[in-house]
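Here the structure comes first, spelled out in structure tokens, and everything after it is commentary.
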Amino acid sequence: ADRRRELETLRADQADFDLLREAFSKRGVPAMMIETAVPELERAANELLGRMTDGRLNVRIETQRETKTGDQREALDIIISDELGSRAYEMYSGGEAFRVNFAIRIALSRLLARRAGARLRSLFVDEGFGTQDARGREQLVAAINSIQDDFERILVITHIDELKDAFPARIEVTKTPQGSRFELV
5 ADRRRELETL RADQADFDLL REAFSKRGVP AMMIETAVPE LERAANELLG
55 RMTDGRLNVR IETQRETKTG DQREALDIII SDELGSRAYE MYSGGEAFRV
105 NFAIRIALSR LLARRAGARL RSLFVDEGFG TQDARGREQL VAAINSIQDD
155 FERILVITHI DELKDAFPAR IEVTKTPQGS RFELV
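If you're matching positions, the sequence shown starts at 5 in my numbering and goes up one per residue.
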């Protein structure tokens with residue numbers, strides 16, 4: 005009788021441990037956290053992306069993918085669509101891909117900062133303008149200006165002369181035989 009009670013206690017403990025193992029597996033709490041973040045991430049990325057592309061591009065994030073056997077498995081697929089429909093990321097131009105990346109990164113930064121109770125302090129945009137046509141550059145500058153209140157400091161690094169006056173202050177770096185020099189303009 006004592007052994008049977010002990011066995012029942014061990015079986016109950018085993019069931020509790022199995023439940024905990026499932027809860028902390030990739031299909032448990034982490035998956036639920038991702039599922040709750042995805043709509044917010046999509047909304048924020050699409051809001052910014054819409055401004056940068058005149059509403060042409062949008063993203064959808066899918067966290068489930070159907071396998072060949074018909075089962076569902078965890079995934080993290082970013083589906084990009086434009087007026088022609090959805091295409092693979094690789095099929096978009098460098099400028100379009102940069103804008104998608106920029107929108108998702110900003111949206112993810114905002115989400116993580118908000119969830120951590122932190123303020124976004126700095127944003128560095130390094131050489132993203134070279135992939136853009138003139139209209140794309142204008143839209144990217146407008147998007148950066150529209151999010152400036154989210155950051156204490158935004159540093160844009162570019163070699164494109166026409167962008168030098170797009171922002172209120174700049175640091176110009178000049179290479180010399182003695183090394184690089186900078187000037188606040």
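Ideal Cβ placement from N, Cα and C applies to all residues, glycine included. The structure displayed is predicted, hence computed values, not measured ones.
Quick check: the Cα distance between residue i and residue j, rounded to an integer number of angstroms?
i, j, result
"L188", "F102", "28 angstroms"
"A53", "L14", "Before going further, note that residue 53 is Leu rather than Ala in the sequence given. Looking at the two C-alpha atoms, the distance is approximately 55 angstroms."
"F128", "A170", "16 angstroms"
"S90", "R118", "30 angstroms"
"V145", "E78", "36 angstroms"
"Y96", "M37", "30 angstroms"
"I195", "H163", "Outside the displayed span of the chain (5 to 189) sits residue 195, for which this structure offers no information."
"S85", "E26", "35 angstroms"
"G134", "E166", "11 angstroms"
"P181", "I158", "30 angstroms"
"G190", "T73", "With the chain covering only 5 through 189, there is no way to say anything about residue 190."
"A92", "D81", "10 angstroms"
"F28", "Q143", "43 angstroms"
"G98", "V42", "25 angstroms"
"R8", "L116", "50 angstroms"
"K168", "E94", "30 angstroms"
"E10", "Q18", "12 angstroms"
"D22", "D153", "47 angstroms"
Starting from residue i, trace the beta strand (DSSP E) in both directions and tell me its first and last residue.
i, result
"A79", "76-86"
"Q160", "According to the sequence shown, residue 160 is Val rather than Gln. Taken as a continuous stretch (DSSP letters only), the beta strand (DSSP E) holding V160 covers 157-161."
"T67", "62-70"
"D130", "126-130"
For residue i, count the other beta carbons within 10 Å of its own beta carbon; 16 or more makes it buried, fewer makes it exposed. Which is it?
i, result
"V63", "buried"
"M4", "The requested residue 4 does not occur in the structure, where the chain is confined to residues 5 to 189."
"G140", "buried"
"Q136", "buried"
"E100", "buried"
"A16", "exposed"
"A120", "exposed"
Could you pull out every residue in the same chain whose Cβ sits closer than 7 angstroms to the Cβ of residue i, ignoring the five residues on either side in sequence?
i, result
"F155", "L124, R125, S126, L127"
"D112", "Contrary to the premise, residue 112 reads as Leu rather than Asp in this sequence. Excluding residues within five positions, the ones whose Cβ falls inside 7 angstroms are L45."
"E87", "R60"
"E70", "Q76"
"S150", "R55"
"A147", "L52, R55, M56"
Less than 8 angstroms between C-beta atoms, sequence neighbours within five positions excluded: which residues of the same chain meet that for residue i?
i, result
"I161", "F128, V129, D130, E131"
"I83", "V63, R64, I65, E66, S90"
"E4", "With the chain running from 5 to 189 in the structure shown, residue 4 is simply not present."
"D6", "none"
Using a Cβ-Cβ cut-off of 6 angstroms (strictly less than) and excluding sequence neighbours within five positions of residue i, which residues of its own chain qualify?
i, result
"A173", "none"
"V192", "Given a span of 5 to 189 for the chain in the structure shown, any question on residue 192 remains unanswerable."
"I108", "A49"
Over what stretch of residues does the alpha helix (DSSP H) that includes residue i continue unbroken?
i, result
"L167", "Taken as a continuous stretch (DSSP letters only), L167 belongs to no alpha helix (DSSP H), as it is neither H nor E."
### Task
Assess, as a yes-or-no matter, whether the segment 34-47 is touched by the segment 91-107 under the definition of 3 or more beta carbon pairs within less than 8 angstroms.
With a cut-off of 8 angstroms, the segment 34-47 and the segment 91-107 do not count as touching, because too few Cβ pairs lie within range.
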